[in-house]
Amino acid sequence: MGLWHVIYEDWQMECCGTPFAVGDEVSRPLLFEGPDSVFGGGRHDRLTEVGGPAEEVGGIRVVRAGPGLTVALSTGLGDDEARLPERGSLFRAAGLLSVERHGARWPEVRGRVREVQVLSQAYSETAPGSRTWQPVAGERRLRTVERCPEWFAEEETDRGRQWKESGVLAALDVPDGAPPVRPRRAAGPS
Numbered sequence: 046m047g048l049w050h051v052i053y054e055d056w057q058m059e060c061c062g063t064p065f066a067v068g069d070e071v072s073r074p075l076l077f078e079g080p081d082s083v084f085g086g087g088r089h090d091r092l093t094e095v096g097g098p099a100e101e102v103g104g105i106r107v108v109r110a111g112p113g114l115t116v117a118l119s120t121g122l123g124d125d126e127a128r129l130p131e132r133g134s135l136f137r138a139a140g141l142l143s144v145e146r147h148g149a150r151w152p153e154v155r156g157r158v159r160e161v162q163v164l165s166q167a168y169s170e171t172a173p174g175s176r177t178w179q180p181v182a183g184e185r186r187l188r189t190v191e192r193c194p195e196w197f198a199e200e201e202t203d204r205g206r207q208w209k210e211s212g213v214l215a216a217l218d219v220p221d222g223a224p225p226v227r228p229r230r231a232a233g234p235s
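So, in structure tokens, the structure goes:
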């Protein structure tokens, strides 16, 4: 079994998701994204390394990183789409796995949920009084829960900054053999 850390963003859950709990078996389409493309980038407490041959499934570039783990590749992996590997070439990178329920279809990853943490992200106004918000890179907190919420909370705004529950980070045990590269922790606290 491989243990993989997966981000399930709030809008994905609130739109089309089904809440899950520790111990549940789930099946989700996973997207591999660059470490700076989610929640404003910055510090991450869980990065995943994947490696394997690049394939095309339904017009989407995917990597079969091991038995039971097929992930779609995001175009946000680098400065431009040229970083996507050619079909048949080997791909290896560190990034984030996230649930993707919108767009094209690719194989889902099945596994058992071992841990659920609500991820709260700090946001700041893009300009004073704009009421338009952007994530603050590296400012996030994790709170362990037994069950993923269906709806996520926002905290009060204080001087142009607010905290918002922005999704969950789930630890997923994927059966059918361990992938060739295991998840790793990035340096620094969460």
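Sequential numbering of the sequence shown, starting at 46, is according to my numbering.
The C-beta atom is built at its ideal place from N, Cα and C for all residues, glycine as well.
Should residue i be labelled buried (16 or more other beta-carbon atoms within 10 Å of its own) or exposed?
i: His50; result: buried
i: Gln179; result: exposed
i: Ala198; result: exposed
i: Thr93; result: buried
i: Cys193; result: buried
i: Thr202; result: exposed
i: Arg185; result: buried
So what does DSSP say about residue i, is it helix, strand or coil?
i: Glu131; result: coil
i: Asp81; result: coil
i: Asp69; result: coil
i: Trp49; result: strand
i: Trp196; result: coil
i: Glu210; result: strand
i: Gly205; result: coil
Check for me: the beta strand (DSSP E) holding residue i runs from which residue to which?
i: Glu101; result: Thr93 to Val102
i: Gly111; result: Ile105 to Gly111
Along the chain, where does the alpha helix (DSSP H) containing residue i start, and where does it finish?
i: Asp55; result: Asp55 to Cys61
Margin query: Quick check on the DSSP output: what are the complete alpha helix (DSSP H) runs of length 4 or more inside the stretch 142–187, in order along the chain?
Written below: none
Margin query: Quick test of the definition: if touching needs 3 or more C-beta pairs under 8 Å, does the stretch 200–210 touch the stretch 145–154?
Written below: no
Notebook entry, point to check: Any chance the stretch 53–70 sits against the stretch 96–105, with 3 or more Cβ pairs inside 8 Å?
Noted result: no
Check: Does the stretch 157–165 touch the stretch 208–217, meaning 3 or more C-beta pairs lie closer than 8 Å?
Finding: yes
Notebook entry, point to check: Can we say the stretch 133–143 touches the stretch 71–87, given the rule of at least three CB pairs closer than 8 Å?
Noted result: yes
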